[in-house]
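Trainee: Chains as they are written, first to last, in this note's numbering: chain P, 1 to 260; chain Z, 1001 to 1357.
C-beta atoms are modelled at their ideal positions from N, C-alpha and C, and glycine is treated no differently.
No experiment lies behind these values; they were computed from the predicted model shown.
Take this structure, written in structure tokens, and hold onto it; I'll ask about it next.
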Amino acid sequence: MTGTATAALELTAIDMHYGFVRALDQIDFRVGQGEVVGLLGDNGAGKSTLLKVMSGAHRPTTGTIRVHGDETVMHSPSDATAAGIQMVYQDLALVDAQDVATNLSIGREILRKGPLGWLGFIDRKAQRKRAQLELDQLGVRTAAPTRPVEMLSGGQRQVVALARSATRVSGERSGVLLLDEPTAALGYEQTQQVQQLIRRMGGQGIAIVLVTHNLPLAMDVCDRIAVLNRGRKVADVRTDETDNDQLVGWITGARPSMFS
Amino acid sequence: MSHGADKGAVPVTTGTAPATPAPRAESDPAGVRAMIFLRDRGIFVLWVLLLVGFSIWAQPYFASVNNAILIANAAALTAIFAAGVAVGIICGALDLSIPGTAAVAACTCGYLLTHGAPVWVGLLAGLATGVLVGVINGVISLRGFNPIVVTIGTLSITTAAATLIAGGYTIPGLTDLTFMGTRRYWGIPAPVWIGAAVFIIGTIFLTRTRDGVRMMAVGGNAEAVRRSGIHSDRYRVLGFVVSGVCAALGGLVSTALVTEASPAASPGIIFTALTAVALAGVSLAGGRGSLPRVAVGALILATISNGLTIKGIDPYWGTGVTGVLLLASLAMEKWVSTSVSRRLVATAQASVHTGTR
């Protein structure tokens, strides 16, 4: 396993209470650089809550979060973004009327050189080139970067959304990508494409947490799988050391927890 | 009529599309590109058809340089207001306070000029009221209130403020302003120059600068921009400010044209401007639209009313024709969008089977 020394993201003893409801109970979770970790569980098991804790949308009641070994307190999603954690939501949040290059560039535009740049003029050509380069690096061939997002298929949009997040975490220090059901709305072919993309992003050193209901997807793409059941972590195993039946057992609660 | 001819041209261009499936996804099929061209540039085609039609029908008076200047002059004021409306809508908010902003800017300027202030102070103060109203609109809308209701509120407030400043009467005798009203430069009236400047600067801003692109993106999907770590709220307010400044400028130009500042806000302004904007295919959902098309929208309105006037036809026919064109343009936009997506889906399926991605 990569990154045993310092994990890209490490959560220790996370408790999360909503009033009297204990949504998360003493969760330990870690993901190393370049590692793809699946987070499985039935509805209401606490996957989304845990993901929200990791993305800074929720603050845990107790517990610590370490990013690259440094203890981090995240008050908002922008704190998480600053720490190098990017969440890819199911609704993608792309600007439909703008082209792929602009969607990838927004928030980190390339300005023209010289006086025009001081006035805030964008260098579209450079942005397009960079977008193409970034897409090439991720090994995705979607449409031309000049195509508006509204004219892309569902899979292509997903790829653009993933690429946008990936480009934001692959700085000098590879970050963490949180994916919430990235293939929920996709067909077979497109799911394959996104799956390969996730593997490639892992190969580039990005730490990836993948929340999904899709067991075959998790088996195919993840290095390690953690299973939640009623707010507790009941399993955390390498994918090649487990199988479908075991996982289903943990998810449904038919199989006793690994940790008790 | 003109629109029918416009539609008739489509099957010719699209008919070739299925024969040439895109070998790679890098370039779109010719048919799709033709339809996108029609959607984006259709209004230019429509305007050219109108010009040609009227030139033949209203011979020999319509097709002359003087008449062209007349049309441009008639369109200029509408176009300035339409720019404000369009920027507001593109940024995600319909700004209904524009007539009020125009009135209060005009009266502020008129008041200052009649009280001995230099012209530039009056004009700057007028534009500043536009900025102020825009900021107020924006800041209130950010609190989660519906911008339409908010701007209806500020419309009433600004109208009242204008009346208060002007003391209830129009402020006459503002002859200092004729340099931007009836004066001509190289044969072209000042409002046309001002309108052209607004549209050139506005277009460059929206499409070429970082803030403009972000502003359009905020109108399209504020959440996407927010998640990119940008304060989308700022761009919301900026949209209202730009819209307010355009409104103020329009108010100042109309004041300059008649050399008096009227505190009465005419709601007709906003509906004419909205017609031009809607003709230009600016989606009310926000995030898309182009200013050159809005300018042509205003020109189309002016062309129709000018041509019909030359032929001695009652002006209400012009209003009716405009309405029909507006609905027809909606229908065409819808038709083009659905056919484009159908065609793209078709090619995407083809690519799965041919193995190219």
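Would you say GLY120 (chain P) reaches chain Z, if we count a Cβ-Cβ gap shorter than 8 angstroms as a contact?
Mentor: Taking the first sequence and counting its residues from 1, the one referred to as residue 120 (chain P) is at position 120. Yes, its Cβ sits closer than 8 angstroms to a Cβ of chain Z.
Trainee: Check each candidate in Z:THR1275, Z:ALA1217, Z:ILE1310 and Z:LEU1257 and name the one with the smallest Cα separation from ASP96 (chain P).
Mentor: Stepping through the first sequence from its first residue, residue 96 (chain P) is reached at position 96. It is Z:ALA1217 whose Cα lies nearest to the Cα of ASP96 (chain P).
Trainee: So what does ALA235 (chain P) bridge to, in DSSP terms?
Mentor: Counting from 1 along the first sequence, the entry for residue 235 (chain P) is found at position 235. In the DSSP output, where bridge partners are listed per residue, ALA235 (chain P) has P:VAL227.
Trainee: Name, please, each residue of chain P whose Cβ falls closer than 8 angstroms to the Cβ of ASN1221 (chain Z).
Mentor: Counting from one through the second sequence, the residue named residue 1221 (chain Z) turns up at place 221. ALA93, LEU94, VAL95 and ASP96, listed in chain order.
Trainee: Do you know offhand how far GLY1287 (chain Z)'s Cα is from LEU186 (chain P)'s?
Mentor: Translated into the one-based positions of the second sequence, residue 1287 (chain Z) becomes position 287. Translated into the one-based positions of the first sequence, residue 186 (chain P) becomes position 186. Roughly 26 angstroms between the two C-alpha positions.
Trainee: Can at least three beta-carbon pairs, one atom from the segment 1121-1129 of chain Z and one from the segment 1308-1316 of chain Z, be found at a separation below 8 angstroms?
Mentor: No: the two stretches stay apart, fewer than three of their Cβ pairs being nearer than 8 angstroms.
Trainee: Closer than 7 angstroms by beta-carbon distance: list the chain C residues that pair up with GLY1229 (chain Z), in chain order.
Mentor: Included in the structure are the protein chains P and Z, with no chain C among them.
Trainee: Less than 8 angstroms between the C-beta atoms of LEU152 (chain P) and PRO182 (chain P), yes or no?
Mentor: What you label residue 152 (chain P) is simply residue 152 of the first sequence in a count that begins at 1. What you label residue 182 (chain P) is simply residue 182 of the first sequence in a count that begins at 1. The answer is no: Cβ separation not under 8 angstroms.
Trainee: Listing by chain order, which chain P residues have their CB less than 8 angstroms from the CB of THR1209 (chain Z)?
Mentor: The count along the second sequence starts at 1 and reaches residue 1209 (chain Z) at position 209. Correct list: LEU119, GLY120, PHE121 and ILE122.
Trainee: Since GLY1088 (chain Z) meets chain P, which of its residues come closer than 7 angstroms, beta carbon to beta carbon?
Mentor: For this step, residue 1088 (chain Z) is matched to residue 88 along the second sequence. Ordered by position in chain P, no residue passes the 7 angstroms Cβ test against GLY1088 (chain Z), which lies about 16 angstroms from the chain.
Trainee: If contact means a Cβ-Cβ distance below 7 angstroms, which residues of the segment 161-181 of chain P contact chain Z?
Mentor: Within the segment 161-181 of chain P, no residue qualifies.
Trainee: Grouping DSSP H, G and I as helix and E and B as strand, with all else coil, what is ARG1143 (chain Z)?
Mentor: For the purposes of this step, residue 1143 (chain Z) is taken as residue 143 along the second sequence, with counting starting at 1. Three-state DSSP puts ARG1143 (chain Z) in coil, outside helix and strand.
Trainee: Do the CB positions of GLU10 (chain P) and ARG59 (chain P) come within less than 8 angstroms of each other?
Mentor: Translated into the one-based positions of the first sequence, residue 10 (chain P) becomes position 10. Translated into the one-based positions of the first sequence, residue 59 (chain P) becomes position 59. No, the pair does not count as a contact, with Cβ atoms beyond the cut-off.
Trainee: So which residues on chain P does GLY1092 (chain Z) lean against when the C-beta distance must stay under 8 angstroms?
Mentor: By one-based count along the second sequence, residue 1092 (chain Z) stands at place 92. Neighbours of GLY1092 (chain Z) on chain P: none; closest Cβ ~12 angstroms, over 8 angstroms.
Trainee: Check whether the segment 173-180 of chain P touches the segment 97-108 of chain P, counting contact only when three or more Cβ pairs, one atom from each stretch, lie closer than 8 angstroms.
Mentor: No: the two stretches stay apart, fewer than three of their Cβ pairs being nearer than 8 angstroms.
Trainee: Mind checking who ALA1261 (chain Z) pairs with in its DSSP beta bridge?
Mentor: Indexing the second sequence from 1 puts residue 1261 (chain Z) at position 261. Z:ILE1171.
Trainee: I want to verify the contact list: residues of chain P whose CB lies under 9 angstroms from the CB of GLY1287 (chain Z), in sequence order.
Mentor: Counted from its first residue, the second sequence places residue 1287 (chain Z) at position 287. Neighbours of GLY1287 (chain Z) on chain P, chain order: VAL95, ASP96, ALA97 and GLN98.
Trainee: Under three-state DSSP, which class holds LEU40 (chain P)?
Mentor: As a position in the first sequence, residue 40 (chain P) is number 40, starting the count at 1. Three-state DSSP puts LEU40 (chain P) in a strand.
Trainee: Can you list, in chain order, the residues of its chain with a C-beta nearer than 8 angstroms to that of ARG112 (chain P)? Leave out the 5 residues immediately preceding and following it.
Mentor: The sequence position of residue 112 (chain P) within the first sequence is 112, counting from 1. Correct list, in chain order: PHE121, ILE122 and ASP123.
Trainee: Can you list the residues of chain Z that THR12 (chain P) reaches, using a CB-CB cut of under 9 angstroms?
Mentor: Your numbering for residue 12 (chain P) matches position 12 in the first sequence. In chain order: nothing, as chain Z lies at least about 27 angstroms away.
Trainee: Label HIS75 (chain P) either buried or exposed according to how many other C-beta atoms from any shown protein chain fall within 10 Å of its C-beta, with 16 as the threshold for buried.
Mentor: Residue 75 (chain P) sits at position 75 when you count from the first residue of the first sequence. Flag for HIS75 (chain P) reads exposed.
Trainee: Hey, is SER201 (chain P)'s beta-carbon within less than 8 angstroms of any beta-carbon in chain Z?
Mentor: Counted from its first residue, the first sequence places residue 201 (chain P) at position 201. For the sequence presented, residue 201 (chain P) should be read as Met rather than Ser. Not closer than 8 angstroms to any Cβ of chain Z, the Cβ of MET201 (chain P) fails to qualify, so no.
Trainee: What's the call for TYR18 (chain P), buried or exposed, on a 16-neighbour Cβ count within 10 Å?
Mentor: Start at 1 with the first residue of the first sequence, and residue 18 (chain P) comes out as number 18. TYR18 (chain P) should be labelled exposed.
Trainee: Starting from MET16 (chain P), trace the alpha helix (DSSP H) both ways and give me its first and last residue.
Mentor: Against the first sequence, residue 16 (chain P) aligns to sequence position 16. Where MET16 (chain P) is concerned, there is no enclosing alpha helix (DSSP H), although the beta strand (DSSP E) it sits in stretches over 9-18.
Trainee: Could you check if ALA254 (chain P) belongs to the surroundings of the ligand MG, using beta carbon to heavy atom distance under 7 angstroms?
Mentor: Summarising the ligand content, the structure contains no ligands, and the ligand MG is consequently not present.
Trainee: For SER174 (chain P), does the three-state DSSP call read helix, strand or coil?
Mentor: Position 174 of the first sequence, counted from the start, is the residue given in the question as residue 174 (chain P). Strand, per DSSP.
Trainee: Against ARG1214 (chain Z), what residues of chain P qualify as contacts under a CB-to-CB distance less than 9 angstroms, listed in chain order?
Mentor: On the second sequence, residue 1214 (chain Z) is found 214 positions in, with the first residue counted as 1. Here the neighbours are ILE106, GLY107 and GLU109.
Trainee: Leaving out the 5 sequence neighbours to the left and right, which residues in its chain are closer than 6 angstroms to MET258 (chain P) when beta-carbon positions are compared?
Mentor: Here residue 258 (chain P) refers to the residue found at position 258 of the first sequence. Contacts found: ALA235.
Trainee: Near GLN132 (chain P), what residues of its chain come up, given a Cβ to Cβ distance below 7 angstroms and the 5 sequence neighbours on each side ignored?
Mentor: The sequence position of residue 132 (chain P) within the first sequence is 132, counting from 1. For GLN132 (chain P), where only same-chain residues beyond five positions count, the Cβ hits under 7 angstroms are PRO145.
Trainee: Interface residues of chain Z around THR102 (chain P) at Cβ under 8 angstroms?
Mentor: As a position in the first sequence, residue 102 (chain P) is number 102, starting the count at 1. Chain Z residues near THR102 (chain P): VAL1213 and ALA1217.
Trainee: Look at the alpha carbon of ALA1196 (chain Z) and the alpha carbon of LEU116 (chain P), and state the distance between them as a whole number of angstroms.
Mentor: In the second sequence, counting from the first residue as 1, residue 1196 (chain Z) sits at position 196. In the first sequence, counting from the first residue as 1, residue 116 (chain P) sits at position 116. Their Cα atoms are separated by approximately 21 angstroms.
Trainee: Under the DSSP definition of a beta bridge, which residues are partnered with PRO1189 (chain Z)?
Mentor: The residue you call residue 1189 (chain Z) lines up with position 189 of the second sequence. DSSP, once it has assigned bridges, lists Z:ARG1184 as partnering PRO1189 (chain Z).
Trainee: State the start and end residues of the unbroken alpha helix (DSSP H) segment that holds ALA82 (chain P).
Mentor: Residue 82 (chain P) sits at position 82 when you count from the first residue of the first sequence. That run of the alpha helix (DSSP H) goes 77-82.
Trainee: Does the CB of MET54 (chain P) have a neighbour CB from chain Z at under 8 angstroms?
Mentor: As a working note, residue 54 (chain P) is residue 54 in the first sequence. No, MET54 (chain P) does not count as interfacial toward chain Z.
Trainee: Let me know the secondary structure DSSP gives GLY1053 (chain Z) once reduced to three states.
Mentor: One-based indexing of the second sequence puts residue 1053 (chain Z) at position 53. Helix, per DSSP.
Trainee: Give me the residue from Z:LEU1124, Z:VAL1340 and Z:ARG1143 with the minimum Cα distance to LEU1177 (chain Z).
Mentor: For the purposes of this step, residue 1177 (chain Z) is taken as the residue at position 177 of the second sequence. That would be Z:LEU1124, whose Cα lies nearest to the Cα of LEU1177 (chain Z).
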